[in-house]
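For reference, the structure discussed in these notes is given below.
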Amino acid sequence: MNDEILIQLACPSCTHPINLQEQGQQIECPACGSHLLLAGHVCPTCGQYHKEDSGFCRACGTAMTRVCEKCRASNWAGAEYCQECGAALDIFQLLHLHNKQATMNRLDEQMRDAEYFKEKERIDSERRMAMLLEEEEERLQGIRERQATQKKQDQQLMLTAVFVLTIFVLIVAAFAVL
Numbered sequence: 003m004n005d006e007i008l009i010q011l012a013c014p015s016c017t018h019p020i021n022l023q024e025q026g027q028q029i030e031c032p033a034c035g036s037h038l039l040l041a042g043h044v045c046p047t048c049g050q051y052h053k054e055d056s057g058f059c060r061a062c063g064t065a066m067t068r069v070c071e072k073c074r075a076s077n078w079a080g081a082e083y084c085q086e087c088g089a090a091l092d093i094f095q096l097l098h099l100h101n102k103q104a105t106m107n108r109l110d111e112q113m114r115d116a117e118y119f120k121e122k123e124r125i126d127s128e129r130r131m132a133m134l135l136e137e138e139e140e141r142l143q144g145i146r147e148r149q150a151t152q153k154k155q156d157q158q159l160m161l162t163a164v165f166v167l168t169i170f171v172l173i174v175a176a177f178a179v180l
C-alpha cells in the first residue's frame, strides 16, 4: 500500500467516502461530521499517502513538512496551525514550497540552455579560429613565394651587374693597354 495513491477513505462511522486530497492529517467526514486522525500524511500536491513520516513525497518530490516560523517545529505541509505552539502557518510559505520546485526546474532548464549555448559558441569559435589560421597560412605562403621570386630577381640583377661591370673593366683595360 505504500506505493499506491490513497485518494478516498471510508468513514468508520457511516462508511461515507472521504476525499483525502482535500483533507489534512485531521479528517472530517462530510456526511456525519466525525473527526478522524490519519496515522500518516497525504501529499498536498499529488495525494500520495505516506504512512511513515517522510520529508518529501516519494511520488512527486514535494516537501511533506514545513517549519513553524515562531517555534521552529516541523509540521505537515498541509497543516494550517503549528502542532507545537498553535501558531497559524503562513499560507505564503505553502505557496513558496509549490513555487520553489517550479523555480528549481526553471533554473535547471536555464542552466542546460546556458551549457548548450556555451558549447555551441565554443564549437563556432574553434571553427572560426581554424578558418583564420588557414587564411593566415595562405597569406604567409604568398609572402614566402613573393620573397623567393624577389630573391631570384635580385640574384639575376646582381649577375647582370657583375657581367656588365666585368665587360666594362675589360674594355677599359683593353683601351688602357692600347
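First residue of the sequence shown? That's 3 in our numbering, and the numbers climb one at a time after it.
All C-beta atoms in this analysis are idealised placements derived from N, C-alpha and C, irrespective of residue type, glycine included.
Keep in mind it's a predicted model, so treat the numbers as computed, not measured.
Outcome for residue i when other beta-carbon atoms lying within 10 angstroms are tallied against a minimum of 16
{"i": "residue 133", "result": "exposed"}
{"i": "residue 44", "result": "buried"}
{"i": "residue 80", "result": "buried"}
{"i": "residue 66", "result": "buried"}
{"i": "residue 68", "result": "buried"}
{"i": "residue 145", "result": "exposed"}
{"i": "residue 118", "result": "exposed"}
Residue i (DSSP reduced to helix, strand or coil)
{"i": "residue 12", "result": "strand"}
{"i": "residue 65", "result": "strand"}
{"i": "residue 81", "result": "coil"}
{"i": "residue 165", "result": "helix"}
{"i": "residue 50", "result": "coil"}
{"i": "residue 86", "result": "coil"}
{"i": "residue 30", "result": "strand"}
{"i": "residue 38", "result": "strand"}
C-beta atoms of residue i and residue j nearer than 9 Å
{"i": "residue 15", "j": "residue 34", "result": "yes"}
{"i": "residue 84", "j": "residue 70", "result": "yes"}
{"i": "residue 86", "j": "residue 75", "result": "yes"}
{"i": "residue 10", "j": "residue 21", "result": "yes"}
Nonlocal neighbours in the same chain, by C-beta distance under 6 Å from residue i, ignoring five residues either side
{"i": "residue 37", "result": "30"}
{"i": "residue 72", "result": "87, 89"}
Enumerate, from N- to C-terminal direction, the unbroken alpha helix (DSSP H) stretches of 4 or more residues contained entirely within the segment 117-151. none
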